[in-house]
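Working notes, structure below.
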Amino acid sequence: MAGEQPETIVEEREELMVPLTTDPNPTLRTAHFLKPSLASINQQPLFKPPSLSSPLTDFEPGEWPLKLVFTGWIDPQKNWKTWVDQMHPQHQSTWRKAGINEAIMCSTYKTRRNHDLFWGLAERWCPSTNSFIFPWGETTITLEDIIVLGGFSVIGEPVSKPLETTELMKLEENLLKLLTQLKKTLKSCHQEWMKRFMGKGSELEHIAFLSLWLSRYVFGQKFPNTIGGNLLSVAIHLGRGTRLALGPAVLASIYRDLSLLKETIIASTELRMDGSDGDVLSLTLQAPLRLVQVWAWERFPGLRPEPNAMNHGEPRIARWHGLKRLKIENVRMVLDSAQDCFQWRPYATTMTNWSFPKFYIEKEEWMVVDSYLDQELQSFAQCLRVC
1 MAGEQPETIV
11 EEREELMVPL
21 TTDPNPTLRT
31 AHFLKPSLAS
41 INQQPLFKPP
51 SLSSPLTDFE
61 PGEWPLKLVF
71 TGWIDPQKNW
81 KTWVDQMHPQ
91 HQSTWRKAGI
101 NEAIMCSTYK
111 TRRNHDLFWG
121 LAERWCPSTN
131 SFIFPWGETT
141 ITLEDIIVLG
151 GFSVIGEPVS
161 KPLETTELMK
171 LEENLLKLLT
181 QLKKTLKSCH
191 QEWMKRFMGK
201 GSELEHIAFL
211 SLWLSRYVFG
221 QKFPNTIGGN
231 LLSVAIHLGR
241 GTRLALGPAV
251 LASIYRDLSL
261 LKETIIASTE
271 LRMDGSDGDV
281 LSLTLQAPLR
291 LVQVWAWERF
301 PGLRPEPNAM
311 NHGEPRIARW
321 HGLKRLKIEN
331 VRMVLDSAQD
341 CFQWRPYATT
351 MTNWSFPKFY
361 IEKEEWMVVD
371 SYLDQELQSF
381 AQCLRVC
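Mapping to UniProt numbering: the sequence shown position 208 is 208, numbers consecutive.
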C-alpha cells in the first residue's frame with residue numbers, strides 16, 4: 001500500500017544513555033534499539049531472566065558417571081583434504097553459489113578437544129535461554145559465529161527443501177539403494193564411502209563427497225562413522241548449486257546438544273550424590289560442538305592457546321588448527337572472573353591476513369534489506385532478526 005512504512009529491525013526513541021567516554025553521567029539522546037526491547041524499567045520482560053547461579057556441584061567432571069560420544073566432532077579422516085583439493089577446482093563455483101565453499105574448507109582443519117573448558121561451559125549452559133550464564137553476565141554462540149567460524153550460510157532455502165524433479169528424486173533413490181547395499185556388507189563407513197567414490201569424476205562422486213561432508217562435519221549421525229540417508233537430498237540440492245540455510249540448522253543442533261548435555265549433567269550429578277554405584281549415563285552428541293570451543297577461545301584470552309598465524313585466504317578456524325589445550329588449574333574460576341577480559345567483538349579486531357566481513361564497517365549506515373543487497377549484508381541482517 002502507498003505510504004506504508006517499511007518493516008525495521010530497530011526501534012528509535014529518546015533515552016538516557018551513558019556516553020562512550022570517561023564521563024559517567026548519562027545524557028538524553030536519540031538511540032536505536034534492536035527489537036524487541038523494553039521501553040521502561042516498569043515494563044514486564046518477555047521472559048524471566050535466569051539466575052546467575054554457581055556451578056551445579058563441586059565434583060570434577062571426571063567424577064561424573066557420564067559417557068559421551070561426539071559424532072559431530074571428529075577429526076578430518078585420512079585423505080579427506082586430498083579429496084577436497086581434488087574436487088575444489090572443478091566445483092568451487094558451485095560451492096560458492098550454494099554458500100558452502102568456506103564451510104568445506106573449514107572441515108580440513110583439526111580442533112583438539114579441551115575437555116575441561118567444554119565441561120566448564122556446559123555447566124553454565126541455560127536450556128531455557130540457549131545461553132551461557134556467568135556471574136558477570138549472559139552470552140552465547142550466535143548465527144554470527146556460525147558464519148565466521150563455520151563458514152555456513154544463514155540465508156537460502158530451508159534444509160528440509162524437498163527434491164522437485166523426477167531426475168533428482170531418481171538420483172536420490174539410486175544413492176539410497178547403494179547406501180542400503182553397503183550397509184548390508186558393512187561398507188557404508190566413511191572410509192569405505194570415500195574409497196568407493198573418490199576419483200570417479202562424475203556427478204555421483206560430487207554428491208557422494210557432499211553426503212560424506214554433511215554426515216561427518218555438519219550433521220553428525222547417531223551412529224558414528226555412518227552416512228545419513230536423510231542427508232542425500234541436501235547433498236543433491238547443494239551439488240546443483242542451491243543455497244540452503246545450513247547455518248540456522250547447525251546452530252539449532254548446537255543448542256539442542258548443549259541442552260541435552262546440561263540435563264544429563266544434572267542427572268549424573270544426582271546419581272553421584274545418591275551414591276549409586278555402577279550406574280553410568282550415556283549421551284551421543286551429534287552437533288559440530290568444536291565451534292563452541294573455538295567460540296570460547298575467541299572470547300576468553302585466559303583459556304586459549306597461542307593461535308596460529310593465518311595465511312592469506314584461510315578461514316578463521318585455521319587459527320586453532322591442531323593446537324594443544326592450555327593447561328589451566330581451575331577453568332571454572334577463569335570463566336567466572338572473566339568480566340574484564342571477555343572479548344565481546346573478537347571478529348572486529350584487526351589481525352594479519354584477516355579480511356573483515358562486509359558488515360564490519362567503520363561508520364554506521366542505514367540499509368534496505370532486499371534481494372538486491374549484498375549476500376554478506378543480508379546474512380548479518382538475518383543475525384539481528386528475532387527468530
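Even for Gly, the Cβ is constructed at its ideal location relative to N, Cα and C.
This structure is a prediction, so every number in the text was calculated from the model and none was measured.
Contact set for residue i: own chain, Cβ-Cβ below 7 Å, skip 5 residues either direction
{"i": "H190", "result": "Q77, L212, R216 and N225"}
{"i": "I227", "result": "L179, S188, W193, S211, L212 and S215"}
{"i": "L163", "result": "M169, E172, S233 and I236"}
{"i": "G120", "result": "V331, R332 and L335"}
{"i": "D279", "result": "P65 and L271"}
{"i": "residue 388", "result": "What the structure shows of the chain is the stretch from 1 to 387, and residue 388 is not part of that stretch, so it cannot be assessed."}
Local Cβ density within 10 Å of residue i, reported as buried at 16 or more and exposed below that
{"i": "C341", "result": "exposed"}
{"i": "H206", "result": "buried"}
{"i": "W80", "result": "buried"}
{"i": "D116", "result": "buried"}
{"i": "W64", "result": "buried"}
{"i": "L38", "result": "exposed"}
{"i": "W73", "result": "buried"}
{"i": "A98", "result": "buried"}
{"i": "H91", "result": "buried"}
{"i": "A338", "result": "buried"}
{"i": "Q181", "result": "exposed"}
{"i": "F359", "result": "buried"}
{"i": "G156", "result": "buried"}
For residue j and residue i, the rounded distance between their alpha carbons
{"i": "R13", "j": "V294", "result": "37 Å"}
{"i": "A2", "j": "V368", "result": "Because A2 sits at a pLDDT of 47, beneath the cut-off of 50, its placement in the model cannot be relied upon, and the following sentence gives the value as read from the coordinates. Each residue's alpha carbon lies about 17 Å from the other."}
{"i": "G313", "j": "C106", "result": "12 Å"}
{"i": "G247", "j": "V154", "result": "5 Å"}
{"i": "L271", "j": "T108", "result": "39 Å"}
{"i": "E362", "j": "K324", "result": "35 Å"}
{"i": "Q86", "j": "L373", "result": "33 Å"}
{"i": "D257", "j": "A103", "result": "20 Å"}
{"i": "K262", "j": "V292", "result": "14 Å"}
{"i": "W83", "j": "S202", "result": "14 Å"}
{"i": "L303", "j": "E15", "result": "37 Å"}
{"i": "E123", "j": "W344", "result": "21 Å"}
{"i": "G239", "j": "L176", "result": "16 Å"}
{"i": "S160", "j": "L244", "result": "9 Å"}
{"i": "I265", "j": "W125", "result": "11 Å"}
{"i": "N101", "j": "T269", "result": "42 Å"}
{"i": "R113", "j": "D75", "result": "10 Å"}
{"i": "K183", "j": "F219", "result": "19 Å"}
{"i": "T142", "j": "R385", "result": "12 Å"}
{"i": "I146", "j": "N230", "result": "22 Å"}
{"i": "T30", "j": "P36", "result": "17 Å"}
Beta-carbon proximity of residue i to residue j, cut-off 7 Å
{"i": "S282", "j": "K67", "result": "yes"}
{"i": "F380", "j": "V250", "result": "no"}
{"i": "M17", "j": "P26", "result": "yes"}
{"i": "R316", "j": "V148", "result": "yes"}
{"i": "L34", "j": "V10", "result": "yes"}
{"i": "L377", "j": "F70", "result": "no"}
{"i": "S259", "j": "P158", "result": "no"}
{"i": "L289", "j": "P305", "result": "no"}
{"i": "T111", "j": "G241", "result": "no"}
{"i": "F223", "j": "A208", "result": "no"}
Residue i (DSSP reduced to helix, strand or coil)
{"i": "E12", "result": "strand"}
{"i": "L303", "result": "helix"}
{"i": "K67", "result": "strand"}
{"i": "M1", "result": "Residue placement at M1 is flagged as unreliable, the pLDDT there being 43, under the threshold of 50; a coordinate-derived value is accordingly withheld."}
{"i": "T82", "result": "helix"}
{"i": "C383", "result": "helix"}
{"i": "L193", "result": "Checking the sequence shown, residue 193 turns out to be Trp, not Leu. The answer is helix: DSSP assigns W193 an H, G or I state."}
{"i": "A31", "result": "strand"}
{"i": "L281", "result": "strand"}
{"i": "M333", "result": "helix"}
{"i": "F134", "result": "strand"}
{"i": "T139", "result": "strand"}
{"i": "M17", "result": "strand"}
{"i": "T94", "result": "helix"}
{"i": "E365", "result": "coil"}
{"i": "C341", "result": "coil"}
{"i": "D117", "result": "It should be noted that the sequence gives Leu, not Asp, for residue 117. Helix, per DSSP."}
Cutoff 8 Å; reference residue i; Cβ partners in own chain excluding five residues on either side
{"i": "E144", "result": "Y347, F380 and C383"}
{"i": "R307", "result": "Correcting the residue type first, residue 307 is Pro in the shown sequence and not Arg. Hits under 8 Å: W297, R319, W320 and L323."}
{"i": "F199", "result": "The sequence shown places Gly at residue 199, not Phe. Q86 and E205, listed in sequence order."}
{"i": "H32", "result": "V10, E11 and E12"}
{"i": "F118", "result": "L289, V292 and Q293"}
{"i": "Q221", "result": "T71, S215, I227, G228 and Q286"}
{"i": "G150", "result": "A103, C106, G247, V250, P288, L291 and I317"}
Other residues of its chain near residue i: CB distance less than 6 Å, five sequence neighbours each side excluded
{"i": "I254", "result": "A287"}
Minimum Cβ-Cβ distance from residue i to chain D less than 7 Å
{"i": "I100", "result": "Checking the listed chains, one finds no chain D in this structure; it contains a single protein chain."}
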